[in-house]
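**Student:** Can you read through this structure? Questions will come right after.
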Amino acid sequence: VIEFEAAYYDGRTSARKPVHVRGYTLVIQIVGEGLRLDVPLGKVHVDPPVGGTRRALHLPDGAQLQTDDHAAVEALFPRAHALEGWVHGLERRWPYALAALVFAAAFAWWSAVDGLPRAAKIAAGFVPATAEAKLGEQTLSFFEGKVCRPSALGAARQQALQRRFATLTAGLADGYSYRLLPRDCRGVGANALALPGGAIVITDALVKLAQSDDQISAVLAHELGHVRYRHGLRMALQAAGLAALAAALFGDATSITSLATTLPTALLQSGYSRELETEADDYAFQRLREIGLSPKAFAEIMLLLEKAHEKKSGGESKDYFSTHPATAKRIQRALSAP
Amino acid sequence: MGLPSTDRGAGTSVAGSEKRHPVEFTADTGEYFRIWIVNLALTIATLGIYSAWAKVRKRRYFYGHTRIDGESFEYRAKPVAILKGRLIAVAAIAVFYGVGYVAPLYQWLLWIPLLIGGPWLLVRSLAFNAYNTAYRNVRFRFEGTYKACLKVVLVYGWLVLFGILYPYFKHRLIRFVAENHRYGTTRFEVADFKKPFIGAYANAYGLGFVMIAALFGLGFAAMGTKFPLLFFGGVVLFYGGLFLLFAYLRARTTNAIWNAVRIGPLTFESALRARDMIWLYFSNLLAIAFTLGLATPWAVVRAMRYRASKTTVVASGPLDGFAQAEAQQVSVAGEEVAELFDIDIAL
Numbered sequence: 002v003i004e005f006e007a008a009y010y011d012g013r014t015s016a017r018k019p020v021h022v023r024g025y026t027l028v029i030q031i032v033g034e035g036l037r038l039d040v041p042l043g044k045v046h047v048d049p050p051v052g053g054t055r056r057a058l059h060l061p062d063g064a065q066l067q068t069d070d071h072a073a074v075e076a077l078f079p080r081a082h083a084l085e086g087w088v089h090g091l092e093r094r095w096p097y098a099l100a101a102l103v104f105a106a107a108f109a110w111w112s113a114v115d116g117l118p119r120a121a122k123i124a125a126g127f128v129p130a131t132a133e134a135k136l137g138e139q140t141l142s143f144f145e146g147k148v149c150r151p152s153a154l155g156a157a158r159q160q161a162l163q164r165r166f167a168t169l170t171a172g173l174a175d176g177y178s179y180r181l182l183p184r185d186c187r188g189v190g191a192n193a194l195a196l197p198g199g200a201i202v203i204t205d206a207l208v209k210l211a212q213s214d215d216q217i218s219a220v221l222a223h224e225l226g227h228v229r230y231r232h233g234l235r236m237a238l239q240a241a242g243l244a245a246l247a248a249a250l251f252g253d254a255t256s257i258t259s260l261a262t263t264l265p266t267a268l269l270q271s272g273y274s275r276e277l278e279t280e281a282d283d284y285a286f287q288r289l290r291e292i293g294l295s296p297k298a299f300a301e302i303m304l305l306l307e308k309a310h311e312k313k314s315g316g317e318s319k320d321y322f323s324t325h326p327a328t329a330k331r332i333q334r335a336l337s338a339p
Numbered sequence: 190m191g192l193p194s195t196d197r198g199a200g201t202s203v204a205g206s207e208k209r210h211p212v213e214f215t216a217d218t219g220e221y222f223r224i225w226i227v228n229l230a231l232t233i234a235t236l237g238i239y240s241a242w243a244k245v246r247k248r249r250y251f252y253g254h255t256r257i258d259g260e261s262f263e264y265r266a267k268p269v270a271i272l273k274g275r276l277i278a279v280a281a282i283a284v285f286y287g288v289g290y291v292a293p294l295y296q297w298l299l300w301i302p303l304l305i306g307g308p309w310l311l312v313r314s315l316a317f318n319a320y321n322t323a324y325r326n327v328r329f330r331f332e333g334t335y336k337a338c339l340k341v342v343l344v345y346g347w348l349v350l351f352g353i354l355y356p357y358f359k360h361r362l363i364r365f366v367a368e369n370h371r372y373g374t375t376r377f378e379v380a381d382f383k384k385p386f387i388g389a390y391a392n393a394y395g396l397g398f399v400m401i402a403a404l405f406g407l408g409f410a411a412m413g414t415k416f417p418l419l420f421f422g423g424v425v426l427f428y429g430g431l432f433l434l435f436a437y438l439r440a441r442t443t444n445a446i447w448n449a450v451r452i453g454p455l456t457f458e459s460a461l462r463a464r465d466m467i468w469l470y471f472s473n474l475l476a477i478a479f480t481l482g483l484a485t486p487w488a489v490v491r492a493m494r495y496r497a498s499k500t501t502v503v504a505s506g507p508l509d510g511f512a513q514a515e516a517q518q519v520s521v522a523g524e525e526v527a528e529l530f531d532i533d534i535a536l
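Structural data, given as structure tokens:
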């Protein structure tokens with residue numbers, strides 16, 4: 002016999018009646034003031050356990066017993082709820098919770114590093130080029146006027162740049178409408194930026210930093226790689242995927258939570274990943290060869306950018322180097338490119 | 190002590206001495222953390238299918254730890270019902286984006302069922318949640334009809350177009366939601382809460398205006414200085430301001446609503462303080478951001494504990510005289526769809 006104290010509710014009103022319950026093999030007996038009930042055990046439905054919350058036993062006709070005597074309920078219904086009983090066992094012990102933490106963290110890491118980029122690449126294949134171009138326009142309108150003004154370079158210099166760009170993009174026929182936009186951008190420094198759809202912004206500072214026009218071609222070729230492989234779109238999709246994932250995993254609490262979890266993810270995602278940079282580099286080397294230039298120009302301009310970045314110790318500005326970290330490896334690859 | 194009082198006892202109990210029952214929240218942060226992380230891991234491992242079970246377990250934990258007069262609430266939804274709703278919601282979203290991809294020109298047509306269906310989702314979701322919430326083995330119910338909800342939306346919804354009149358619409362909608370709830374057979378009565386509710390919005394609008402003016406002033410003053418600093422400063426100030434207003438509104442409107450509700454012999458005292466809420470939300474935000482989400486359980490438990498600590502039930506009669514209503518089943522699809530689209534239905 003398993004005995005425990007409980008509160009009885011008849012299912013018709015909110016009145017509470019303290020009762021004493023005796024559990025036998027086939028039946029439970031409920032005894033209270035003016036109440037004596039025998040209920041077959043098979044007709045009692047017990048809720049799965051959750052933490053230390055009070056257990057509810059649902060009786061026929063909507064009546065209910067509530068009790069804090071967990072041991073008695075477990076003894077009476079040892080096999081109720083295989084799945085949730087097992088989950089409850091995991092939830093009760095710290096080692097399992099820590100294992101779950103490691104698993105969830107590993108999954109989060111994998112999604113950010115491998116899963117999401119892969120999914121974004123696949124998803125990008127479904128986005129029409131017109132939609133991609135629209136994304137580029139929006140990004141551009143954010144920069145125009147507020148950050149960047151039309152280039153202060155002379156008309157002849159600008160024309161020379163446009164000719165270089167035309168040589169670079171000649172005969173690509175990949176569906177993108179390439180445009181070179183020389184701009185004077187405050188606080189940005191020497192930088193170039195590929196927008197989804199084919200617009201490529203180059204800052205006056207970068208043009209002035211370059212020692213030869215081949216070096217400018219090298220940077221532009223790299224940016225073409227970003228456009229062709231749809232890196233901007235892929236990054237946008239990746240960020241959206243990350244936000245959706247964060248919302249799905251943590252968003253059960255309050256709306257504040259989702260805001261808080263997107264904040265660090267946004268911070269993590271400034272600039273392209275190393276994989277995408279390598280992809281764009283490889284394209285640049287190939288393209289430079291095709292138009293009869295040497296990938297060495299790329300190595301030269303990277304070294305120049307690195308020096309320029311180091312000279313400005315108060316690195317507040319978003320120059321090319323801060324968004325395109327030039328590792329020794331990248332320079333090495335440019336020098337040894339076939 | 191005899192058998193419980195009759196069905197009619199609830200609304201008309203004799204006004205004796207008032208009894209105050211502070212709402213207790215007894216959840217333990219460590220215990221909830223374990224429940225949260227284990228269910229999160231299982232959700233990942235099952236590619237999201239387990240999420241329905243996870244949701245029910247988390248909710249049952251919180252309901253079970255919310256107590257009035259020593260008695261806890263119950264959440265009774267079945268995980269399978271929630272899973273079905275989630276599948277329907279996912280299918281609906283897939284259709285929406287599918288049409289957008291195949292025939293983008295016709296996607297706008299889908300907004301029509303969405304607009305007409307919105308009130309339906311709201312009503313379904315409220316009914317599902319109410320029906321699956323019980324206290325002392327008596328279920329809550331929501332009896333608002335689609336027609337009545339659509340009427341509120343059609344009659345007052347256009348006010349949204351005039352941003353400044355939006356609080357009036359919101360107030361009508363909340364009134365509709367609150368008034369149609371029942372505890373057993375006992376109606377929720379809602380006194381006029383227009384004044385404090387709209388007053389809170391008026392203050393928030395005024396404050397928002399001042400903040401925007403200050404931002405512009407700052408922008409002009411900082412003209413010519415370095416761009417990124419100014420830009421980030423502006424962004425931080427802007428979001429900080431929004432945050433402040435959000436927390437303020439949350440505190441004031443919650444108080445306004447609950448202080449107007451009466452259920453039979455029960456009234457409520459909600460005394461949330463704006464500055465507490467601002468600090469609570471702000472510290473939660475920081476904690477969650479800096480722990481990459483790990484502090485979520487702590488933050489949630491903390492917010493709920495604060496909310497409970499500032500809420501008191503004032504009973505002018507016994508709590509055991511509420512009668513149960515006859516059973517009726519409520520489908521879950523509405524709630525799940527509403528949740529995925531994030532319609533704010535918090536009371």
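From first to last, the protein sequence lines stand for chains S and G. Residue numbers for the first sequence follow the numbering used here, beginning at 2 and rising by one. Residue numbers for the second sequence follow the numbering used here, beginning at 190 and rising by one. Note that the Cβ used here is the ideal one computed from N, Cα and C, for glycine as well. Remember, it's a predicted structure, so these values are computed and weren't measured experimentally.
If I follow the unbroken alpha helix (DSSP H) through T352 of chain S, where does it start and stop?
**Tutor:** Any property of residue 352 of chain S remains undetermined from this structure, which presents chain S solely from 2 to 339.
**Student:** One question on the structure: do W309 of chain G and Y335 of chain G come within less than 8 Å of each other, judged by their Cβ atoms?
**Tutor:** yes
**Student:** Pull the bridge partners of G24 of chain S from the DSSP assignment, please.
**Tutor:** S:I3, S:I29
**Student:** Could you tell me the boundaries of the alpha helix (DSSP H) in which E278 of chain S lies?
**Tutor:** 275–291
**Student:** For A460 of chain G and K208 of chain G, which I take to be in contact (beta-carbon distance under 8 Å), what is that distance rounded to the nearest angstrom?
**Tutor:** Their Cβ separation, rounded to whole angstroms, is 18 Å, which puts A460 of chain G and K208 of chain G out of contact at 8 Å.
**Student:** Grab me the residues of K330 of chain S's own chain with a C-beta within less than 8 Å of its C-beta, minus the 5 sequence neighbours each way, in chain order.
**Tutor:** none
**Student:** Nearest CA to the CA of N369 of chain G: which residue from G:T443, G:H254, G:M466, G:L315?
**Tutor:** G:L315
**Student:** Thinking just about the alpha-carbon of each residue, which of G:R325, G:T501, G:L396 is nearest to the one in F607 of chain G?
**Tutor:** Nothing about residue 607 of chain G can be read from this structure; chain G reaches only from 190 to 536.
**Student:** Would H210 of chain G count as contacting chain S if we go by Cβ distances under 8 Å?
**Tutor:** For H210 of chain G, the closest Cβ of chain S is not nearer than 8 Å.
**Student:** What distance in whole Å lies between the Cβ atoms of F398 of chain G and A449 of chain G, which are believed to be in contact at a cut-off of 8 Å?
**Tutor:** The beta-carbon separation of A449 of chain G and F398 of chain G, rounded to 28 Å, does not stay under the 8 Å limit for a contact.
**Student:** Starting from A130 of chain S, follow the alpha helix (DSSP H) in both directions and report where the run begins and ends.
**Tutor:** 130–144
**Student:** In three-state DSSP terms, what is P302 of chain G?
**Tutor:** helix
**Student:** Under 8 Å Cβ to Cβ from A476 of chain G, same chain only, skipping five residues before and after it: list those, please.
**Tutor:** A484, W487, A488
**Student:** Answer with buried or exposed for K147 of chain S, where buried requires no fewer than 16 other C-beta atoms within 10 angstroms of its C-beta.
**Tutor:** Counting every other CB atom within 10 Å of its CB across the protein chains shown gives K147 of chain S a total below 16, marking it as exposed.
**Student:** Can you say whether E340 of chain S is buried or exposed, counting buried as having 16 or more other CB atoms within 10 angstroms of its CB?
**Tutor:** No statement about residue 340 of chain S is possible, as the shown extent of chain S runs from 2 to 339 and does not include it.
**Student:** State yes or no: is the C-beta of L207 of chain S within less than 8 Å of the C-beta of A191 of chain S?
**Tutor:** yes
**Student:** Distance check for A497 of chain G and R491 of chain G, CA to CA, integer angstroms please.
**Tutor:** Near 10 Å, if we compare the C-alpha coordinates of A497 of chain G and R491 of chain G.
**Student:** Got a sec, what are the start and stop residues for the beta strand (DSSP E) H370 of chain G sits in?
**Tutor:** 370–372
**Student:** Classify M284 of chain G as buried or exposed, calling it buried when 16 or more other Cβ atoms lie within 10 Å of its own Cβ.
**Tutor:** Met is not the amino acid found at residue 284 of chain G; the sequence shown has Val there. Its Cβ having fewer than 16 others within 10 Å, V284 of chain G is exposed.
**Student:** Using the beta-carbon count (16 or more within 10 Å), is I189 of chain G buried or exposed?
**Tutor:** The structure shown does not extend to residue 189 of chain G, since chain G spans only 190 to 536, so no value can be given for it.
**Student:** Which residues, in chain order, does the stretch 13–34 of chain S contribute to contact with chain G at a C-beta distance below 7 Å?
**Tutor:** R13, T14, S15, A16, R17, E34
**Student:** Please return the same chain residues whose Cβ sits closer than 7 Å to the Cβ of G12 of chain S, not counting the five positions on each side in sequence.
**Tutor:** D62, G63, A64, Q65
**Student:** Evaluate contact between the stretch 85–101 of chain S and the stretch 48–59 of chain S, counting only Cβ atoms and requiring at least three cross-stretch pairs below 8 Å.
**Tutor:** yes
**Student:** Could you pull out every residue in the same chain whose Cβ sits closer than 8 Å to the Cβ of N228 of chain G, ignoring the five residues on either side in sequence?
**Tutor:** If you ignore the 5 residues before and after N228 of chain G, its C-beta comes within less than 8 Å of the C-beta of Y239, W242, A243, R246, K247, all in its own chain and listed in chain order.
**Student:** At 8 Å on the CB atoms, spell out the chain S contacts of F222 of chain G, in chain order.
**Tutor:** A98
**Student:** Under 8 Å between C-beta atoms, does E263 of chain G make it to chain S?
**Tutor:** Yes, its Cβ sits closer than 8 Å to a Cβ of chain S.
**Student:** Using the DSSP secondary-structure output, state which residues sit across from L194 of chain S in a beta bridge.
**Tutor:** S:V202
**Student:** With respect to the alpha helix (DSSP H) encompassing A264 of chain G, which residues constitute its N-terminal and C-terminal limits?
**Tutor:** The sequence shown places Tyr at residue 264 of chain G, rather than the Ala named in the question. Element bounds for Y264 of chain G: not the alpha helix (DSSP H) but the beta strand (DSSP E), 260–264.
**Student:** Please name the residue, chosen from S:L38, S:A200, S:R165, that lies closest to G137 of chain S on a Cα-to-Cα basis.
**Tutor:** S:A200
**Student:** Pull the bridge partners of I233 of chain G from the DSSP assignment, please.
**Tutor:** According to DSSP, which records beta bridges pairwise, I233 of chain G is partnered with nothing at all.
**Student:** Is Q65 of chain S close to chain G? Criterion is C-beta to C-beta, closer than 8 Å.
**Tutor:** It does: the Cβ of Q65 of chain S has a partner Cβ on chain G nearer than 8 Å.
**Student:** Based on Cα-Cα distance, which residue from G:F377, G:V279, G:G307, G:Y264 lies nearest to F457 of chain G?
**Tutor:** G:F377
**Student:** Taking only the alpha-carbon atoms, compute the straight-line gap between R17 of chain S and F435 of chain G and give it to the nearest angstrom.
**Tutor:** 40 Å
**Student:** With DSSP as the reference, label I467 of chain G as helix, strand or coil.
**Tutor:** helix
**Student:** Should Y264 of chain G and F329 of chain G be called a contact, given that it needs their Cβ atoms to be closer than 8 Å?
**Tutor:** no
**Student:** Since Q67 of chain S is in the beta strand (DSSP E), which residue starts that stretch and which ends it?
**Tutor:** 65–68
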